[in-house]
Each structure stands twice: as structure tokens, then as C-alpha cells.
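Protein sequence lines, in the order shown, are assigned to chains A and B.
Taking my numbering, the leading residue of the first sequence gets 1, the next gets one more, and so forth.
Taking my numbering, the leading residue of the second sequence gets 254, the next gets one more, and so forth.
Cβ coordinates follow ideal geometry from the N, Cα and C atoms, glycine included.
This structure is a prediction, so every number in the text was calculated from the model and none was measured.
As C-alpha cells, the structure follows; a few thoughts come after it.
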Amino acid sequence: MAAADKVDPIHQFHINKIVPIEIGGYDLSFTNSSLFMVVTVVVASAFLYLATSGRHLVPTRWQSSAELTYEFIANMLKDSAGSQGMRFFPFVFSLFMFVLVANLLGLFPYFFTVTSHIIVTFALSVLVIGVVLVYGLAKHGLGFFKLFAPSGVPAILIPLVAIIEVVSFLSRPVSLSVRLFANMLAGHITLKVFAGFIVSLGALGGVGVAGAVLPLIMTVAITGLEVLVACLQAYVFAILTCMYLNDALHPGH
Amino acid sequence: MFVTPAYGQETAPADQGATETGIVIGTEVPHEAVEEGLFPPFNPESFASQLVWLAITFGLFYLFLKRVAMPRLAGIVETRSGKIAGDLDQAARLKEEADAAVAAYEQELAQARAGAMAIGQKAREAAEAEADAARKKVETELDRKLAEAEAHITSIKSSAMKDVGTIAESTASAIIEQLVGKADKAGVASAVKSVAG
């Protein structure tokens, strides 16, 4: 059973209840997913809190990394949504930190990857699009729908362009969430499959052990790649959020 | 929230236990595992729990960042840029002060130089005037002395000339007395006078 568990690449995505909770017929148990959401939040908060506790004028390494992240997101938001976009800075920064830390924590063996579940990434994307819609409508009223009719398009083409724009707008939460979810899921499955090869080849003994070196090299290489993907996907999530927020701020393009 | 029932309709209710035991097949075919069991990320049973806990954790995280972490980071960054700006301002101010000091120094130097020049000029003029005066005094003195000497010479000369007449008379009388024994004093005087004439 233990050996079988090791080579099951899907096992890592199972959700296990830790504290069963049921409210109003809904199963709201505290699961391993919830646990790692809490761990993600605690780790990210502790990093930002402890790194900045010195408030040094000349930053320490930790403080410097916290400041770098802060200014990186600040510049990203300012560049894509203008200085008006800075009102969303806490939102974008917490999204980025949450996704980044969740992705990176997921790379530790035996850790659960919060972002490998589509419902989590979808909820975050819907939150982003929800903020865009609510803020855009509140600020520009019906003018927000100019978003679907870009300026400079010939009148004849407007209906066609509008349909395309609406479809692309509606597909945003899907693409945003599936991109992150699929990257995390595929990466972890690949890692597990290659790691499984090591175990099954090693069990053959002799030639098998020698052959297991190849998947071992692959596993190490893919782990490195996954670290890159974890950071990159958090970045992509944050920058797309910035661009969508830009639409809410300046719907006329 | 509106997502949950949609996924729920798609996948028939299956209990968690079945999902866990359903897939222990092999490493090479993860796709089959997805199809046979209920792939955990698409299992709607966990959706409500995940959404609720995501809302709780992400909400708290957002509040923590907004209230605590980000004001602190903003404070640090602002303090630093403020300090740098202040230091630059001070440096600019000090440079201005130094420039002003240099300008003042140069102005004073020029003034002192001009003053020294004026003093030298004055001293030179004064010395020249003094020398002129002294020379004039000496010249007048010399002129006076020259005139005096000339007058003296003239008087000596005239008196000598006068004496010459009497000497000549007495000499002539003496000669005549030697020659003729007796001399007519008036005749000798008129003769001498006519010769001297």
C-alpha cells in the first residue's frame, strides 16, 4: 500500500479532513487544503512582518527582499494601471504574495499545493474580475461598457469587435484560473511521475538502479523548473490582475 | 459561490472514501486515474470548504497586509527617500554656502588689493610731493646763496676796482716822484682816471 501510494501521482491532490465541520448542510471541514492556506498566510505574513521589524534605513537582506517585492509590485501596478491604480495596491500585493507563497510551499515534499485546486484559483480570478466589474461600474457607470467598443474602430466593425471583446472579457476568469491551476497541477504530476520512476526502477535492482539515475536527474531539473514556474505564475497572475484593473480604471483604452 | 452547483451537477455524488481507494493503478497512466476515480481538484465535495477557508485566510491576509505590513513597508521606503532627499538638500545648501563664502573671500581679497594699491599710490604721491618741496627749498636756498655770492663778488669787484684806481695813482705818484722828484697829485689822478676810463 505504501509503495503503491508513492507512485500515485494524484495522491498529493487529495483533500483530507483534519477537523470535520458541517454548517447548514455544507461540509466546511478544516482540511489539509485549509491547513496550507493558513500556513501560506502565516509564512507570508511572518516574512513581511519579521523582515521589516528592524525598520533599518540601510536594509538587511531580509528587509531588502521584502522591500524588493513591495516595490516590484508597486512598479508593476503603476506601469500598467497608472498612479490611480495604486488604490488596488494592497489587493494586488496580497494576491501576489498569497499565490507566490502557496506555489513555493507546494514544492516541499508532503506539502499540499493550495493553488493546484481549480476552485481556489477560480475563486481568486472571480475575485479579480468581480473587483474590476464592481469598481468599473461604480466609477464609470454605463461608460464602463466602452471597454467592449474600443475607440478607433470603424462603425461597421463595432458589433463584431464588441462580441469578441465580451467573449474575451468573460473568458478572463477562466484563463486566469486555469493557467495557474494547470501549471501547478501539471508540474506536480510530472515531478511525481519522474520520482515514481526512480522508485520502480530502483526496486528492480542492478540495471534498474543504474537506470534510475536518469529520472533522478530529471526530477532535480524539473524541481528547479518548478521553482521558476511557481514564481513566474505568481508574477503572471499579478500582472494580468494589474492589466484587468487598468480596464476598470480606464475603460476607453 | 455560483460555481459549486454547476460542478456538482457535472459529477455524480461520490463519497470521499471511494475516491481515495479507486486509484492505485500505475505511474505511466495518470489520465486513466483521472477518468476512473474522481480527480480531486474536480471533486465538488471539497469546494465549499475550500471556498470558505480561502475567504477566511485570504481575507485575513489582505487585512494584515493593508493594516500592518504595507504601511510599515511604505514607511520604511518613504523614510529612506525622505532621508536621501533631505541629505541632498543639505548638501546643496552647504555647497551654496561654500560658494557664497568663496565669493565673499574673493571680493574681500579684491578690495584689499585695491586698498593696498591706493595706499601705495598715496604714499608714492606724498613722497614725490615731499621730494619736490625739498628740492624747491634747496633750489631757492641755492639761488639765494648764488645771488648773495654774486652780489658779494660784485661788491668785492667794485671795491677792488676802486682800489685799483688808488693803487695806480699811488704807484704812478711814486714812480713820478722817483723820476722827477715831485708829483702833482691832482694831475696823476686825472691821468689815471682817463686811462682807466
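* Asked: Roughly how many angstroms separate the alpha carbons of F96/A and S168/A, rounded to a whole number?
  -> Reading the first sequence from its first residue, position 96 is the one you call residue 96/A. Reading the first sequence from its first residue, position 168 is the one you call residue 168/A. The alpha-carbon of F96/A is positioned some 23 Å away from that of S168/A.
* Spatial neighbours of H140/A within its chain, please: CB distance less than 6 Å, with the 5 preceding and 5 following residues excluded, ordered by chain position. => By one-based count along the first sequence, residue 140/A stands at place 140. P251.
* Can you name the start and end residues of the beta strand (DSSP E) that I18/A belongs to? -> Counting from one through the first sequence, the residue named residue 18/A turns up at place 18. Start and end: 17-19.
* Within chain B, the residues that D27/A reaches when beta carbons sit closer than 9 Å -> Taking the first residue of the first sequence as 1, we reach residue 27/A at position 27. Here the neighbours are E298, S299, A301, S302.
* Asked: Does the Cβ-Cβ distance between T115/A and S177/A come in under 7 Å?
  -> Translated into the one-based positions of the first sequence, residue 115/A becomes position 115. Translated into the one-based positions of the first sequence, residue 177/A becomes position 177. Their beta carbons are not under 7 Å apart, which means T115/A does not touch S177/A by this criterion.
* Look up I10/A in the DSSP assignment and say whether it is helix, strand or coil. => To locate residue 10/A, count along the first sequence from 1; it is residue 10. Three-state result, I10/A: coil.
* According to the neighbour-count rule (16 or more other Cβ atoms, all chains shown, within 10 Å of its Cβ), is Y358/B buried or exposed? -> As a working mapping, residue 358/B is identified with position 105 in the second sequence. So Y358/B counts as exposed.
* In angstroms, rounded to a whole number, what distance separates the CA positions of F91/A and I118/A? -> For the purposes of this step, residue 91/A is identified with residue 91 of the first sequence, where counting begins at 1. For the purposes of this step, residue 118/A is identified with residue 118 of the first sequence, where counting begins at 1. Their backbone Cα atoms lie some 20 Å apart in a straight line.
* **C-beta atoms of N246/A and A81/A nearer than 7 Å** => Translated into positions along the first sequence, residue 246/A becomes position 246. Translated into positions along the first sequence, residue 81/A becomes position 81. Contact flag set, yes.
* Residues of chain B with CB under 9 Å from L48/A, in chain order? -> Here residue 48/A refers to the residue found at position 48 when the first sequence is read from its first residue. Going along chain B in sequence order, the residues near L48/A (Cβ under 9 Å) are F317, L318, V321, A322, M323, R325, L326.
* Asked: Mind checking whether V229/A and G187/A have CB atoms under 7 Å apart?
  -> Residue numbering aside, residue 229/A sits at position 229 when the first sequence is read from its first letter. Residue numbering aside, residue 187/A sits at position 187 when the first sequence is read from its first letter. With a cutoff of 7 Å on beta-carbon distance, V229/A and G187/A are scored as near each other.
* Asked: What residue does the alpha helix (DSSP H) around Y235/A start on, and which one ends it?
  -> Along the first sequence, one-based indexing puts residue 235/A at 235. Start and end: 213-249.
* Please confirm if the segment 290-302 of chain B is in contact with the segment 17-34 of chain A, defined as three or more CB-CB distances below 8 Å between the two stretches. => yes
* Within the same chain, show all residues whose beta-carbon is closer than 6 Å to that of D104/A, passing over the 5 residues directly before and after it, in chain order. => As a first step, residue 104/A is located in the first sequence; it is residue number 104 there, counting from the start. For clarity, residue 104/A is Leu in the given sequence; the question names Asp instead. Taken in chain order, the residues that qualify are A230.
* Asked: Taking just the CA atoms, how far does F36/A sit from F314/B?
  -> Here the question's residue 314/B lines up with position 61 in the second sequence. Here the question's residue 36/A lines up with position 36 in the first sequence. C-alpha of F314/B to C-alpha of F36/A: approximately 13 Å in a straight line.
* Contact check, F144/A vs G136/A, beta carbons under 7 Å -> Position 144 of the first sequence holds residue 144/A. Position 136 of the first sequence holds residue 136/A. In this structure, G136/A lies closer than 7 Å to F144/A by Cβ.
* Asked: For H14/A, does the count of other Cβ atoms within 10 angstroms reach 16, so buried, or fall short, so exposed?
  -> Translated into the one-based positions of the first sequence, residue 14/A becomes position 14. Taking every protein chain shown into account, the CB of H14/A has 16 or more other CB atoms within 10 angstroms, so this residue is buried.
* **Own chain, CB closer than 6 Å to Q262/B, minus 5 neighbours either side, in chain order** => Residue numbering aside, residue 262/B sits at position 9 when the second sequence is read from its first letter. Here the model assigns Q262/B a pLDDT of 40, short of 50, so the residue's position is not dependable, and the following value carries that caveat. If we look at Q262/B and ignore the five residues flanking it on each side, it has no Cβ neighbours.
* To do: Give a yes or no on whether 7 Å exceeds the smallest Cβ distance from L362/B to chain A.
  => Taking the first residue of the second sequence as 1, we reach residue 362/B at position 109. No, no contact with chain A.
* To do: With DSSP collapsed to three states, give me the class of N27/A.
  => Your numbering for residue 27/A matches position 27 in the first sequence. Checking the sequence, you will find Asp at residue 27/A rather than Asn. Note: D27/A maps to strand in three-state DSSP.
* Can the beta-carbon of I198/A be found closer than 7 Å to that of L216/A? -> Counting from one through the first sequence, the residue named residue 198/A turns up at place 198. Counting from one through the first sequence, the residue named residue 216/A turns up at place 216. Contact check for I198/A against L216/A passes: the beta carbons are separated by less than 7 Å.
* Closer than 7 Å, CB to CB, is L291/B near chain A or not? -> Numbered from its first residue, the second sequence carries residue 291/B at position 38. It does not: the Cβ of L291/B has no partner Cβ on chain A nearer than 7 Å.
* Around the Cβ of F108/A, are there at least 16 other Cβ atoms within 10 angstroms (buried) or fewer (exposed)? -> Looking up residue 108/A in the first sequence gives position 108. Under this definition F108/A is an exposed residue.
* Determine the burial state of G368/B: buried for a count of at least 16 other Cβ atoms within 10 Å of its Cβ, exposed for fewer. => Translated into positions along the second sequence, residue 368/B becomes position 115. Exposure of G368/B is indicated by the presence of fewer than 16 other C-beta atoms within 10 angstroms of its C-beta.
* Same chain, Cβ closer than 8 Å to V448/B, five either side skipped, listed in chain order -> Walking along the second sequence from the start, residue 448/B turns up at place 195. Answer for V448/B: A421, listed in chain order.
* Distance between beta carbons of A234/A and V132/A, contact taken as under 8 Å -> Sequence index remark: in the first sequence, residue 132/A carries index 132 (1-based). Sequence index remark: in the first sequence, residue 234/A carries index 234 (1-based). Not a contact, Cβ separation roughly 19 Å.
* So, using beta-carbon positions, are W306/B and S45/A closer together than 7 Å? -> On the second sequence, residue 306/B is found 53 positions in, with the first residue counted as 1. On the first sequence, residue 45/A is found 45 positions in, with the first residue counted as 1. Contact: no.
* Backbone CA spacing between T113/A and A74/A [nearest angstrom] -> Here residue 113/A is taken as the residue at index 113 of the first sequence, counted from 1. Here residue 74/A is taken as the residue at index 74 of the first sequence, counted from 1. Spanning the two alpha carbons is a distance of roughly 27 Å.
* Classify I337/B as buried or exposed, calling it buried when 16 or more other Cβ atoms lie within 10 Å of its own Cβ. => Counted from its first residue, the second sequence places residue 337/B at position 84. Answer is exposed; the Cβ neighbour count stays below 16.
* Under the DSSP definition of a beta bridge, which residues are partnered with E22/A? -> Along the first sequence, one-based indexing puts residue 22/A at 22. Note: E22/A sits in a beta bridge opposite D27/A.
* Asked: Along chain B, in chain order, which residues have C-beta atoms closer than 8 Å to that of P90/A?
  -> Locating residue 90/A in the first sequence gives position 90, counting from the first residue. Result: Y315, L318, K319, M323.
* Alpha-carbon to alpha-carbon, F88/A and I222/A -> Residue numbering aside, residue 222/A sits at position 222 when the first sequence is read from its first letter. Residue numbering aside, residue 88/A sits at position 88 when the first sequence is read from its first letter. I222/A and F88/A: Cα-Cα distance of roughly 35 Å.
* To do: Examine chain B for any beta-carbon lying closer than 7 Å to the beta-carbon of I118/A, and answer yes or no.
  => As a position in the first sequence, residue 118/A is number 118, starting the count at 1. Output row for I118/A: interface = yes.
* Would you identify the three-state DSSP class for P159/A, choosing helix, strand or coil? => Sequence index remark: in the first sequence, residue 159/A carries index 159 (1-based). Three-state DSSP puts P159/A in a helix.
* To do: Mind listing the chain B neighbours of T31/A? Cutoff is C-beta to C-beta under 7 Å, in chain order.
  => The residue given as residue 31/A occupies position 31 in the first sequence. The answer, in chain order, is S299, S302.
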